[in-house]
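Report on the following structure.
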Amino acid sequence: MNAPARDFKRARRERDALRGRLGPGRFEALVKELVAVIRLAFEAGATATLFGLEGPLRHAIRSDLCLQGWRWPDANTMARDLMDDAFRRVNATRPTWNEGQLEWTVEAGTLIERTRCVRCHKPLPEGHHKFCGELCADAHNKNLNRIKEANEDHLFDHIVKKRGYHWI
Numbered sequence: 328m329n330a331p332a333r334d335f336k337r338a339r340r341e342r343d344a345l346r347g348r349l350g351p352g353r354f355e356a357l358v359k360e361l362v363a364v365i366r367l368a369f370e371a372g373a374t375a376t377l378f379g380l381e382g383p384l385r386h387a388i389r390s391d392l393c394l395q396g397w398r399w400p401d402a403n404t405m406a407r408d409l410m411d412d413a414f415r416r417v418n419a420t421r422p423t424w425n426e427g428q429l430e431w432t433v434e435a436g437t438l439i440e441r442t443r444c445v446r447c448h449k450p451l452p453e454g455h456h457k458f459c460g461e462l463c464a465d466a467h468n469k470n471l472n473r474i475k476e477a478n479e480d481h482l483f484d485h486i487v488k489k490r491g492y493h494w495i
């Protein structure tokens, strides 16, 4: 690439970083690339759903934008917008919140038989199908309600603390 073209590209990226948004042409080009990658991975069987590469792609976009001088919140918003537009173009439909949970056991009218409590994992008493008792059922349902009602920042903190993840 010749020097004037390289300087123009650098200046455009710096301008985009200051504004916190991409120009329409660059946005469109990136969405087209994302659509191609999403379709290719799904059709090749590399991902089980069209959303299979959402995390790595969003992370890569956000990271590249930050390296170009974008502030993290702006880069995160732009990565989300790019991914949302790409998913719209491939007609990807997200499952409901309940369908995304481990507890979702109904598929094609068939129930998966449980032998242990969903919360404490003790053997289920006779006549119980999901929880060993009211205490586990109430605690589990209250936890799910807290997750459903939490905003994105609080949800992340709640999941990290609940699951015991430790970040360096």
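To convert, take the position in the sequence shown, counting from 1, and add 327; that gives our numbering. All residues carry an ideal CB built from backbone N, CA and C; glycine is no exception. As the structure is a computational prediction, the values presented were derived from the model and not from experiment.
Could you check which residue in the options has the C-alpha nearest to that of residue i?
i	options	result
leucine 409	His456, Asn329, Phe354	Phe354
phenylalanine 378	Leu392, Leu349, Leu361, Phe458	Leu361
lysine 359	Ala413, Asn403, Thr374	Ala413
arginine 416	Arg333, Arg473, Leu392, Leu357	Leu357
alanine 464	Glu476, Arg348, Lys449	Lys449
aspartate 419	Ala477, Leu394, Asp411	Here residue 419 is alanine; the residue named in the question, aspartate, does not match the sequence. Answer by Cα proximity: Asp411.
asparagine 403	Ala477, Gly427, Arg348	Arg348
glycine 427	Gly460, Trp397, Lys475	Lys475
methionine 405	Arg385, Ala466, Asn468	Arg385
alanine 466	Glu370, Arg441, Thr442, Cys447	Cys447
asparagine 425	Asn468, Trp397, Arg441	Asn468
Express the C-alpha separation of residue j and residue i in angstroms, rounding to a whole number.
i	j	result
arginine 407	glutamate 453	47 Å
alanine 368	proline 383	13 Å
alanine 365	phenylalanine 458	In the sequence as displayed, the identity of residue 365 is isoleucine instead of alanine. If you take the alpha carbons of isoleucine 365 and phenylalanine 458, they lie about 39 Å apart.
asparagine 423	leucine 471	First, the residue type needs correcting, since residue 423 is threonine and not asparagine in the sequence shown. Their Cα atoms are separated by approximately 14 Å.
aspartate 401	proline 351	16 Å
glycine 372	leucine 394	32 Å
threonine 376	proline 331	43 Å
DSSP has residue i in a bridge; who is on the other side?
i	result
proline 450	Arg443
Using the rule of at least 16 other Cβ atoms within 10 Å of the residue's Cβ for burial, across every protein chain shown, is residue i buried or exposed?
i	result
cysteine 444	buried
leucine 462	exposed
arginine 389	buried
tryptophan 399	exposed
alanine 387	exposed
isoleucine 392	It is worth fixing the name first, because residue 392 is leucine in this sequence and not isoleucine. With 16 or more other Cβ atoms within 10 Å, it is buried.
leucine 380	buried
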